[in-house]
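Numbering that gives the first Met the number 0 numbers the first residue of the sequence shown as 0 and each following residue consecutively.
Let me begin by presenting the structure, written as structure tokens, before commenting on it.
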Amino acid sequence: MSTVALHRMSPHVEQSFLRQRSTNIHELSANPLRVFITSAMWMDGGRWPPYAVLYTVFHAQAERWLGTVRWFAVCVAAHVLATLASEGALLQAVRDGVAPPSALNALDIGVSYALAGIVGVLTYRIAAPWCYAYLTVVVLVYALPLATAPTFTEFGHFVAVLIGLACRPLTLGCAEPWNPKETLAALRG
0 MSTVALHRMS PHVEQSFLRQ RSTNIHELSA NPLRVFITSA MWMDGGRWPP YAVLYTVFHA
60 QAERWLGTVR WFAVCVAAHV LATLASEGAL LQAVRDGVAP PSALNALDIG VSYALAGIVG
120 VLTYRIAAPW CYAYLTVVVL VYALPLATAP TFTEFGHFVA VLIGLACRPL TLGCAEPWNP
180 KETLAALRG
């Protein structure tokens, strides 16, 4: 709903509004807590229907499996740590002269790092050997853009997946992994 309201603003007001909520280096230096919270509440570009599908497929499953507190912990860890990693890499690129100084104010908002972390942690929801196929697809989906057209955002997405994978301790004590073979057998009757 917030994204729909946002895109009813004029383009100039929208960009100004988002830039104040961006986790770019300038805003992180001025008020990190505020921008970590507010940047996760908006999406740039106005294309929210794909996120609605992705949230249903990934976030809903993860929250049901992990419980709200653990699910939220993975989301926050992925959002905060991937942002720090990607913005740190961008700052180093500016210092090295690889990126222009204007990159310090680049627009960096959205929910995609949390989503990538959840996609990563869901690896542990699937029983072996199926989890290896899932993990291969996840790594390809996030590594190929980083390898072919690296940006600080693509780097952040890949780091967020790794953070999700590192959240394995949060999955201990949750329901047993889902076995697709058992589901197929049950469907066959």
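The beta carbon of each residue, even a glycine, is placed where N, CA and C say it ideally should be.
Per DSSP, cross-strand counterpart(s) of residue i
i, result
"I162", "Paired residue(s): none; I162 is not in a bridge."
"W70", "DSSP output for W70 lists no bridge partner at all."
"W41", "None; W41 has no bridge partner."
"W177", "I125"
Proximity below 8 Å, CB of residue i to CB of residue j
i, j, result
"S21", "I108", "yes"
"G163", "A77", "yes"
"A84", "V93", "no"
"N104", "N23", "yes"
"F35", "V97", "no"
"P179", "W129", "yes"
"L17", "L106", "yes"
"Y50", "V110", "yes"
Helix, strand or coil at residue i [DSSP, three-state]
i, result
"I125", "strand"
"W64", "helix"
"T22", "coil"
7 Å CB neighbourhood of residue i in its chain, flanking five on each side removed
i, result
"A174", "W64"
"A88", "F151 and F154"
"R167", "Y123"
"M0", "Residue confidence is low: M0 scores 49 on pLDDT, short of 50, so the model does not pin down where it sits. Its coordinate-derived value is still stated next. Contacts found: none."
"L53", "L114"
"L134", "T122"
"L27", "V34 and E86"
"P100", "V93"
Close beta carbons around residue i, own chain, < 8 Å, minus the five adjacent residues each side
i, result
"A81", "Y112, A115, G116, G155, H156, V158, A159 and I162"
"A61", "W70, V73, I117, V120, L121 and R124"
Spatial neighbours of residue i in its chain, beta-carbon cut-off 6 Å, leaving aside the 5 residues before and after
i, result
"T170", "Y123"
Sufficient close CB pairs (3 or more, under 8 Å) joining the stretch 38–54 to the stretch 123–140
No: the two stretches stay apart, fewer than three of their Cβ pairs being nearer than 8 Å.
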